[in-house]
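By our numbering, the letter at position 32 of the sequence shown is numbered 14, and the numbering carries on one by one without gaps. We put the beta carbon where it would ideally sit given N, CA and C, even for glycine. Being a predicted model, the structure only gives us computed values, none of them experimental.
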Amino acid sequence: MHAHPAAAKPCATCGDLTGRGYPSCPDCARAVDRPWESAWAALPDPDPEQVADAPSGDYPWTCVDWALRQLRCAGCGGELAAGAPDCVGCAAADAARWELATATAHERALRTAVAALRAPTWHRRAVASTWRLLLPFVVAGSVPSRAALCEVRTQVVAGRYEELATLDTLPLELPLLPWRRSVV
Ligand SMILES: [Zn+2]
Ligand SMILES: [Zn+2]
-17 MHAHPAAAKP CATCGDLTGR GYPSCPDCAR AVDRPWESAW AALPDPDPEQ
33 VADAPSGDYP WTCVDWALRQ LRCAGCGGEL AAGAPDCVGC AAADAARWEL
83 ATATAHERAL RTAVAALRAP TWHRRAVAST WRLLLPFVVA GSVPSRAALC
133 EVRTQVVAGR YEELATLDTL PLELPLLPWR RSVV
């Protein structure tokens, strides 16, 4: 489906690569959320509560995610499955939705990135920043490998986020940090 990733393009609204402004920039959000929106639009008469409460497997993961976003958590008042980091209700809703597998590695990367950026306080800052850096390339069709994820996170932890954010290709071609050069 995404055998040939396209180039990541700048967003006309925020000026960053499309996806990096997720979820606050509306144009980035529109580009990133496309698979969720089209799956939801394909449901006849969709009801968020009904979709979120249905037995696992009744609806595709995209629809379950989209339903959760439209619901408020009774425990913390935040977006369900993305509210307060210590909220039991959100943790339970989040765990349940991940029982639904994505069909492809690309979908999994997109879903993981979006989950991290919608609930950034659930993760170490470097994790959310790593996905923010990578999301434009995922939107364009790339699937970052585990090694790529680790490498970008290492660079982020080393304080190179701003530097990586200026690159318009997958930020993996940078020379390794000096203290990591011996690591193969
Ligand atoms: Zn944008
Ligand atoms: Zn909650």
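Residue of the options minimising C-alpha distance to residue i
{"i": "L131", "options": "S38, L82, A108", "result": "A108"}
{"i": "P(-13)", "options": "L117, L146, A147", "result": "L117"}
{"i": "A140", "options": "A56, C45, S111", "result": "S111"}
{"i": "W150", "options": "V138, L99, A122", "result": "The residue asked about is misnamed: residue 150 is Asp in this sequence, not Trp. Measuring from the Cα of D150, the nearest candidate turns out to be A122."}
{"i": "E183", "options": "W80, D(-2), W104, L82", "result": "There is no way to answer for residue 183, as the model of the chain reaches only from -17 to 166."}
{"i": "A74", "options": "T86, G57, A87", "result": "G57"}
{"i": "G71", "options": "P26, L53, A85", "result": "L53"}
DSSP state of residue i mapped onto helix, strand, coil
{"i": "E81", "result": "coil"}
{"i": "L146", "result": "helix"}
{"i": "R54", "result": "strand"}
{"i": "L62", "result": "coil"}
{"i": "P8", "result": "helix"}
{"i": "L25", "result": "coil"}
{"i": "P126", "result": "coil"}
{"i": "P(-8)", "result": "strand"}
{"i": "C72", "result": "helix"}
Near ligand 2: residue i beta-carbon under 7 Å from a heavy atom
{"i": "A66", "result": "yes"}
{"i": "G60", "result": "yes"}
{"i": "G3", "result": "no"}
{"i": "G71", "result": "yes"}
Closer than 7 Å: residue i CB and nearest ligand 1 heavy atom
{"i": "T136", "result": "no"}
{"i": "D15", "result": "no"}
Opening and closing residue of the alpha helix (DSSP H) in which residue i lies
{"i": "H105", "result": "Unbroken run through H105: none, as it is neither H nor E."}
{"i": "D35", "result": "30 to 35"}
{"i": "L92", "result": "87 to 100"}
Nearest-angstrom Cβ-Cβ length linking residue i and residue j, presumed shorter than 8 Å
{"i": "R79", "j": "A63", "result": "6 Å"}
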